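S.K.:
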Amino acid sequence: MSVVLVHGNPETEAIWGPLRTELGRDDIITLSPPGFGSALPQDFDTTSDGYLAWLALELEQLDGPIDLVGHDWGGGHVVRLAMTRPDLIRSWCTDIIGIFSHDYVWHDAAQSWQGPDGEAAVQSMIDLSDADWAAVFAQLGMGESVAHKVAPWVNSEMGQAILGLYRSAAQPVIGNLGDDLQAASQRPGLCIVATQDTYTGGEKLHRQAAEKCAADVAVLDGLGHWWMCEDPTRSAEVLNTWFDSQD
Numbered sequence: 088m089s090v091v092l093v094h095g096n097p098e099t100e101a102i103w104g105p106l107r108t109e110l111g112r113d114d115i116i117t118l119s120p121p122g123f124g125s126a127l128p129q130d131f132d133t134t135s136d137g138y139l140a141w142l143a144l145e146l147e148q149l150d151g152p153i154d155l156v157g158h159d160w161g162g163g164h165v166v167r168l169a170m171t172r173p174d175l176i177r178s179w180c181t182d183i184i185g186i187f188s189h190d191y192v193w194h195d196a197a198q199s200w201q202g203p204d205g206e207a208a209v210q211s212m213i214d215l216s217d218a219d220w221a222a223v224f225a226q227l228g229m230g231e232s233v234a235h236k237v238a239p240w241v242n243s244e245m246g247q248a249i250l251g252l253y254r255s256a257a258q259p260v261i262g263n264l265g266d267d268l269q270a271a272s273q274r275p276g277l278c279i280v281a282t283q284d285t286y287t288g289g290e291k292l293h294r295q296a297a298e299k300c301a302a303d304v305a306v307l308d309g310l311g312h313w314w315m316c317e318d319p320t321r322s323a324e325v326l327n328t329w330f331d332s333q334d
């Protein structure tokens, strides 16, 4: 069996470090979407469809059964894979299911990347020093140690990946994808709701989307977007309970 962790934007696999320690497992694999803590191949398709194809190809090369966990856009890729390639996984978990709704409004940064000034917005990210990014990430909830590992990866390749990914999922596209959420019910799903996460639509949208795909809901009260960094012990308890329930 394998537990596969997939992160999002603007992140690297370092965000899983504290959680991996608390999970206490030797079957954990982290996958880094191209451009986000790993190299971006010149011909890579940086759309949501492209990342879905990438994730499916990665999972095809792993031994199962696979319990798949995604955070932020990693969680978006996980949901799409659960809808389209349930044969590759035993279960799935996401913290971003609420975005798959026609009522979801993209957060301000996403809207800037999706708009005509997106190139300027990502350039301003690239121009910020590693030290400044580390301070920003730490303040937002990553914690100082993780933030210093992530900061150097905010670069031109990440900027290119951000533009392609977010523009491919602007409304109404992401809402239309949510119309097929029932397909994800072919495998057991867990939807994590971090109550202080301001990026993913809020608890109401999460619960509505989870109901469409018959997924369980786990509420992490008081935690924000980087819940796995803020309280890795509580996060590990939720996930290990979920994994154990699949046996």
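Heads up: the sequence shown runs through residues 88 to 334, numbered per my numbering.
Every residue, glycine too, gets a C-beta built ideally from N, C-alpha and C.
Since the structure is predicted, the reported quantities are computational estimates derived from the model, not experimental observations.
Take G119 and list the residues in its own chain whose beta-carbon comes closer than 6 Å to its own, dropping the five residues that flank it on each side.
M.R.: To locate residue 119, count along the sequence shown from 1; it is residue 32. According to the sequence displayed, residue 119 carries Ser and not Gly. Excluding residues within five positions, the ones whose Cβ falls inside 6 Å are E100, S125.
S.K.: Any chance the stretch 157-175 sits against the stretch 190-197, with 3 or more Cβ pairs inside 8 Å?
M.R.: The stretch 157-175 makes no contact with the stretch 190-197; the number of CB pairs closer than 8 Å stays below 3.
S.K.: Looking only at C-alpha atoms, which of H312, M315, T320, F330 sits nearest to D303?
M.R.: Translated into positions along the sequence shown, residue 303 becomes position 216. For the residues H312, M315, T320, F330, the minimum Cα distance to D303 belongs to F330.
S.K.: Count the other CB atoms within 10 Å of the CB of P259; is the residue buried (16 or more) or exposed (fewer)?
M.R.: Here the question's residue 259 lines up with position 172 in the sequence shown. Burial call: exposed.
S.K.: Can you tell me the Cβ-Cβ gap for S272 and C300, rounded? I've got them flagged as a contact below 8 Å.
M.R.: Looking up residue 272 in the sequence shown gives position 185. Looking up residue 300 in the sequence shown gives position 213. Indeed, because the Cβ distance is near 5 Å, the residues count as touching under 8 Å.
S.K.: Where does C316 fall in DSSP's three states?
M.R.: One-based indexing of the sequence shown puts residue 316 at position 229. In the structure shown, C316 sits in a helix (DSSP, three-state: H, G or I).
S.K.: Determine the closest residue to G205 out of H189, S135, R254, with distance taken between C-alpha atoms.
M.R.: Here residue 205 corresponds to residue number 118 of the sequence shown, with the count starting at 1. Looking at the Cα atoms, R254 is the closest of the given residues.
S.K.: For L326, tell me which candidate among G157, A296, D190, E231 has the shortest Cα-Cα distance.
M.R.: One-based indexing of the sequence shown puts residue 326 at position 239. Taking only the C-alpha atoms, the option nearest L326 is G157.
S.K.: Which residues bound the beta strand (DSSP E) around L277?
M.R.: The sequence position of residue 277 within the sequence shown is 190, counting from 1. 276-281 is the span of the beta strand (DSSP E), which, as asked, contains L277.
S.K.: Determine the direct distance from the alpha carbon of G95 to that of Q283, and round the result to whole angstroms.
M.R.: For this step, residue 283 is matched to residue 196 along the sequence shown. For this step, residue 95 is matched to residue 8 along the sequence shown. Whole-angstrom Cα-Cα distance: 18 Å.
S.K.: Tell me which residue opens and which closes the beta strand (DSSP E) that V192 is part of.
M.R.: The residue given as residue 192 occupies position 105 in the sequence shown. Careful: V192 lies outside any beta strand (DSSP E) and carries neither H nor E.
S.K.: Using the Cβ count rule (16 or more neighbours within 10 Å means buried), how would you classify E166?
M.R.: Along the sequence shown, one-based indexing puts residue 166 at 79. Here the sequence assigns Val to residue 166, which means Glu is not the residue at that position. That one is buried.
S.K.: So, using beta-carbon positions, are I115 and L92 closer together than 8 Å?
M.R.: For the purposes of this step, residue 115 is taken as residue 28 along the sequence shown, with counting starting at 1. For the purposes of this step, residue 92 is taken as residue 5 along the sequence shown, with counting starting at 1. In contact: I115 and L92 (Cβ atoms closer than 8 Å).
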